[in-house]
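Visitor: Here it is: the structure, laid out below.
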């Protein structure tokens with residue numbers, strides 16, 4: 036019984052793929068299979084089986100005066116299937132999927148999955164962009180539904196399909212990601228051809244049976260260039276990048292932080308690391324006096340699997356990043372558009388959150404300057420301002436009482452809120468800011484901003500505080516039943532629907548909305564009510 040890992044090759048990358056095959060593997064000849072007047076050219080490429088590697092733990096043998104061991108690397112093979120209509124498929128054996136995955140049509144697997152019935156779901160791997168739980172692997176027992184939630188898209192599916200009686204091309208156990216993996220009943224090239232024809236026919240002729248939120252690949256070169264420019268500007272502005280913990284390569288899970296060893300390379304410098312993280316990348320840059328923001332996307336990462344170099348990628352090809360304005364996501368070096376299923380589920384979920392606008396809390400430059408003038412009257416004689424002019428003192432006060440701090444103090448002075456801003460407590464040796472404000476059994480996390488990059492932090496802050504509260508690690512905490520994120524948008528235009536009601540879905544901040552959706556679920560899971568306040572800061 037053979038295990039088949041079937042890819043469809045992206046037509047725009049075919050020539051590059053063929054060059055890579057010819058360069059890295061040996062051509063063992065081509066066999067033509069004719070089926071229903073259609074010719075399939077099948078070429079086998081194999082690795083050089085004579086290559087060997089030094090054992091990573093030879094140093095142990097040396098300590099015991101034992102001879103070092105070299106071992107033959109795992110054989111790899113790619114079977115290339117070329118059709119007369121120029122559609123090209125590839126089947127990988129061994130670890131060849133690391134190479135082929137970069138050239139595949141990533142929509143192929145789930146285009147098939149949408150159109151077939153499943154009698155049992157085994158596992159699903161779901162992507163939640165820009166969240167702390169970036170990829171989630173779920174396992175099931177005796178389950179038949181394709182379970183997913185708002186803000187999630189499928190990266191991999193492992194299930195048993197329900198095929199017609201008498202179906203014998205391959206077994207019902209399927210693994211679907213960028214590729215389709217299945218086991219055949221009959222190990223033969225003819226069966227491979229028949230299986231491909233069957234899958235093609237299902238994709239072309241059967242209506243969708245499931246809604247599966249995924250990301251559709253962007254192919255327009257000018258648009259991609261525009262998105263790349265936006266990414267570069269975001270990194271220059273110190274927008275945090277996220278290296279995915281888990282990648283799906285074909286239909287295989289690869290954990291970036293513990294499945295491999297890595298070598299970082301840039302400008303003839305290199306460094307071996309045991310895990311891949313932003314901290315390691317920054318350390319590599321600091322050691323070589325490079326500006327992190329300018330070079331990080333171009334650092335090369337060589338991944339080693341079982342001691343063997345299997346793939347080299349740039350950091351740009353390993354991060355997850357969302358462009359809020361364009362509603363696009365960069366994943367594995369490719370740009371994707373959020374499909375309608377994804378956006379529809381996210382919109383419906385966000386609509387469940389109560390959002391309130393109280394005009395009396397809007398913040399303006401006039402309010403801020405008035406607050407600073409009041410502080411000037413009471414603090415101008417403090418020792419730190421001795422010898423300074425009125426202008427210098429007011430400038431120092433404005434730095435001390437920046438907009439967000441002034442806003443929180445005003446709420447405490449005028450509106451009955453209890454101030455917790457800057458009242459940090461220690462949990463062990465860690466300094467923790469509990470919350471910004473408290474009122475009516477509600478904990479508030481406050482943040483000013485005009486982009487996801489500035490506002491996402493408040494979501495993480497709120498969840499961290501809630502976790503500590505739930506674990507009863509914070510002494511003297513008042514009772515709460517509601518958790519509120521208070522966003523002060525630095526803009527004039529209000530996010531209101533035609534009825535004048537504040538609508539969080541009108542924000543052009545997809546990364547923030549993904550985070551708020553996850554925040555809502557976690558707050559409810561802990562037994563509290565999620566609430567959002569929206570106000571505005573204007574000049």
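Residue numbers (my numbering): 36 to 574. Just so it is clear, CB atoms sit at the ideal spot from N, CA and C, and this is done for glycine as well.
#1: State whether the segment 245 to 252 contacts the segment 368 to 381, with contact taken as three or more CB pairs (one from each stretch) at a distance under 8 Å.
#2: Would you mind sorting residue 73 into buried or exposed? The rule is 16 or more other CB atoms within 10 Å of its CB.
#3: Unbroken alpha helix (DSSP H) runs of length 4 or more, entirely within the segment 320 to 348: which are they?
#4: Since residue 179 and residue 153 are thought to touch, with beta carbons under 8 Å apart, how far apart are those beta carbons, to the nearest angstrom?
#5: Report the partner residues of residue 483 according to the DSSP bridge assignment.
#6: Quick one: grab the DSSP three-state call for residue 492.
#7: Apply the 10 Å Cβ neighbour rule to residue 121 and answer buried if 16 or more other Cβ atoms are within range, or exposed otherwise.
#8: At 4 residues or longer, what runs of the alpha helix (DSSP H) sit wholly inside the segment 111 to 175?
#9: Just verifying my parser: in three-state terms, what is the DSSP assignment at residue 412?
#10: Quick check: residue 544 and residue 497, are their CB atoms within less than 9 Å of each other?
#11: Between residue 39 and residue 219, how many whole angstroms is the CB-CB distance? I'm expecting something under 8 Å.
#12: What does the Cβ neighbour count give for residue 102, buried or exposed, with the cut at 16 atoms within 10 Å?
#13: Would you kindly work out how many angstroms separate the C-alpha atoms of residue 42 and residue 397, rounded to a whole number?
#14: Touching or not, the segment 358 to 367 and the segment 226 to 245, by the rule of three or more beta carbon pairs under 8 Å?
#15: So who's on the other strand from residue 391, going by DSSP bridges?
#16: Would you check if there are 3 or more beta carbon pairs closer than 8 Å linking the segment 235 to 244 to the segment 143 to 159?
#17: Would you decide whether residue 441 is buried or exposed? Buried here means 16 or more other CB atoms lie within 10 Å of its CB.
#18: From what residue to what residue does the beta strand (DSSP E) around residue 554 run?
#19: Using the Cβ count rule (16 or more neighbours within 10 Å means buried), how would you classify residue 394?
#20: Using the Cβ count rule (16 or more neighbours within 10 Å means buried), how would you classify residue 331?
#21: Would you mind working out which of 404, 566 and 203 sits nearest residue 11, comparing C-alpha positions?
#22: Give me, in chain order, the residues of the same chain whose beta-carbon lies closer than 8 Å to that of residue 70; leave out the 5 immediate sequence neighbours on both sides.
#23: Just to confirm my understanding: we take residue 245, look at its own chain, exclude 5 residues before and 5 after, and list those with CB closer than 6 Å. What are they?
#24: Just to confirm the assignment, what range does the alpha helix (DSSP H) spanning residue 213 have?
#25: In this structure, what does DSSP give as the bridge partners for residue 89?
#26: Could you tell me the alpha carbon to alpha carbon distance between residue 320 and residue 335, rounded to whole angstroms?
#27: Between the C-alpha atoms of residue 490 and residue 524, what's the straight-line distance to the nearest angstrom?
#28: Classify residue 33: buried if its beta carbon has 16 or more other beta carbons within 10 angstroms, exposed otherwise.
#29: In this structure, how does DSSP classify residue 195 when only helix, strand and coil are distinguished?
#30: Using the three-state DSSP reduction, which class does residue 64 fall into: helix, strand or coil?
#31: Relative to the C-alpha of residue 55, which residue among 75, 67 and 80 is closest?
#32: What are the start and end residues of the alpha helix (DSSP H) that includes residue 430?
Guide: Checking against the coordinates, here is how it stands:
#1: Touching, yes.
#2: exposed
#3: 327 to 330
#4: The beta-carbon separation of residue 179 and residue 153, rounded to 6 Å, stays under the 8 Å limit for a contact.
#5: According to DSSP, which records beta bridges pairwise, residue 483 is partnered with 523.
#6: helix
#7: exposed
#8: 132 to 135 and 143 to 148
#9: helix
#10: no
#11: 6 Å
#12: exposed
#13: 55 Å
#14: With a cut-off of 8 Å, the segment 226 to 245 and the segment 358 to 367 do not count as touching, because too few Cβ pairs lie within range.
#15: 568
#16: A contact exists between the segment 235 to 244 and the segment 143 to 159.
#17: buried
#18: Where residue 554 is concerned, there is no enclosing beta strand (DSSP E), although the alpha helix (DSSP H) it sits in stretches over 545 to 560.
#19: exposed
#20: So residue 331 ends up on the buried side.
#21: Shown here, the chain extends from 36 to 574; a query on residue 11 therefore has no answer.
#22: Here the set comprises 225, 228, 229 and 232.
#23: Closer than 6 Å at Cβ, skipping near neighbours: 149 and 181.
#24: Under the DSSP assignment, residue 213 falls outside any alpha helix (DSSP H); it carries neither an H nor an E label.
#25: Note: residue 89 sits in a beta bridge opposite 105.
#26: 12 Å
#27: 9 Å
#28: Examination of residue 33 is not possible in this model, given that the chain is present from 36 through 574 alone.
#29: strand
#30: strand
#31: 80
#32: 425 to 435
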